[in-house]
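Below is one structure, written out as C-alpha cells; the observations come after it.
In our numbering, the protein residues as written are 283 to 354.
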C-alpha cells in the first residue's frame with residue numbers, strides 16, 4: 283500500500299496554480315495571426331495585445347486586408 287502524503291508533497295513542490303502560466307511563442311503567433319487577419323480589429327490593438335510591432339506582423343502574415351466599405 284502506498285503511504286504517500288499528498289499535502290506534504292504539495293508543500294514541498296508548491297501548487298502549479300500559484301505561478302501564472304506564460305504564453306508560449308506559438309500561442310502568441312496564433313493569436314497575432316487571428317487578430318491580424320480580422321480587418322475589423324484596429325492595427326494598434328493588434329500591436330498592443332500581442333507585443334509584436336507592425337513590421338514583424340507584416341513580415342509574418344503579409345499586408346492587412348482593408349475592411350469592406352458598406353454603402354447603405
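Backbone N, C-alpha and C define an ideal beta-carbon position, used for all residues, glycine too.
It should be emphasised that the depicted structure is a prediction, and the values quoted were computed from it without experimental measurement.
Asked	Found
Limits of the unbroken alpha helix (DSSP H) element including residue 332	325 to 332
Nearest neighbour of residue 317, chosen from 343, 351 and 337 [CA to CA]	343
Rounded C-alpha distance that separates residue 283 from residue 306	In this predicted model, residue 283 has a pLDDT of only 48, less than 50, meaning its place in the structure is not dependable; the value taken from the coordinates is given anyway. Approximately 40 angstroms, taken between the alpha carbons.
N-terminal and C-terminal residue of the alpha helix (DSSP H) that residue 308 is part of	307 to 319
Residue span of the alpha helix (DSSP H) that contains residue 341, given as start and end	336 to 343
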